[in-house]
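Data first, discussion second: the structure below is written as structure tokens.
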Ligand SMILES: CC(C)(COP(=O)(O)OP(=O)(O)OC[C@H]1O[C@@H](n2cnc3c(N)ncnc32)[C@H](O)[C@@H]1OP(=O)(O)O)[C@@H](O)C(=O)NCCC(=O)NCCS
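In our numbering, the protein residues as written are 578 to 782.
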């Protein structure tokens, strides 16, 4: 891991919400989203490869929303609410979180919205925000080795597997970035993916 990975703050500007794509709006979570968020985080099938792999209680879902709101205040970005533009319904989350692995991208959709390219569409908004207005230069993603759909989303966004990954013991001992292999997160093996901001094309002289 580079020093840059550990930097919690962005060098860029504040984002203007909502972020927009063809089918989606992406905006910071609000307190009133807790119930809609629980429809997502309370579903065991959705949560199988997220966090500790178990469905959240209503209180835990509300706490997750609160944690995202605090992260937004502290860093200017966070996991955000993904809204279906057609219906205004909250259908998932997507966003960025500062962890000891770097600035991580993540996304979670409710089951009815799987298989339509929406996670990729939401995550692309996050990547564009990260490398654009937020001024970040490197994103990481941790994917459960049993979750190929998520790995495919990352592949479509241009992420590539990072062979120089760290064990929990490495991170705790401050020896980040010195070993190859999978990362153990939440007690399970995860593959680490990386995306570096493309170099700007220089204008011809
Ligand atoms: C993983 C998840 C975000 C994918 O959302 P989605 O909107 O269905 O994703 P997209 O449609 O944008 O892309 C999925 C890709 O994976 C592919 N895919 C789906 N299941 C797959 C499988 N079992 N093996 C390989 N590829 C698979 C799809 O074909 C698609 O690729 P394609 O566009 O080349 O056909 C969604 O299933 C989800 O929310 N799961 C629960 C939460 C989660 O696991 N989040 C990720 C944590 S790291």
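The beta carbon of each residue, even a glycine, is placed where N, CA and C say it ideally should be.
Open item on the list: Could you check if residue 663 belongs to the surroundings of ligand 1, using beta carbon to heavy atom distance under 7 Å?
Closed with: no
- [ ] Could you name each continuous beta strand (DSSP E) segment of 3 residues or more that falls completely within the region 660-734, going from the start of the chain to the end?
- [x] Every unbroken stretch of the beta strand (DSSP E) spanning 3 or more residues and falling wholly within the region 660-734 is given here in chain order: 667-676, 679-686, 715-721.
TODO: Look at residue 681 and residue 648 and say whether their C-beta atoms are less than 8 Å apart.
DONE: No, the pair does not count as a contact, with Cβ atoms beyond the cut-off.
Open item on the list: Can you look up residue 762 in the DSSP assignment and give me helix, strand or coil?
Closed with: If DSSP states are grouped into helix, strand and coil, residue 762 belongs with the strands.
Open item on the list: For a test of the three-state rule: what should DSSP assign to residue 622, helix, strand or coil?
Closed with: In this structure, residue 622 counts as helix in the three-state DSSP scheme.
TODO: For residue 600, name the three-state secondary structure that DSSP assigns.
DONE: coil
Task: Reduced DSSP secondary structure (H/G/I, E/B, other) of residue 593 - done: coil
Open item on the list: Do residue 708 and residue 683 have their beta-carbon atoms positioned less than 8 Å apart in this structure?
Closed with: no
Open item on the list: On the DSSP letters alone, give me the boundaries of the alpha helix (DSSP H) that residue 608 sits inside.
Closed with: Counting along the chain, residue 608 falls outside any alpha helix (DSSP H), and DSSP gives it neither H nor E.
- [ ] Examine the Cβ distances between the region 614-634 and the region 695-715 and report whether three or more of them are shorter than 8 Å.
- [x] no
Open item on the list: Closer than 7 Å to a non-hydrogen atom of ligand 1 - does that hold for the CB of residue 626?
Closed with: yes
Open item on the list: Using 8 Å as the threshold, is the C-beta distance between residue 671 and residue 700 below it?
Closed with: Yes, the pair counts as a contact, with Cβ atoms nearer than the cut-off.
Open item on the list: With H, G and I counted as helix, E and B as strand and the rest as coil, what does DSSP make of residue 785?
Closed with: Within the shown structure, residues of the chain are numbered from 578 to 782, placing residue 785 beyond reach of any answer.
Task: Classification of residue 631 by the beta-carbon crowding that lies within 10 angstroms, buried from 16 upward - done: exposed
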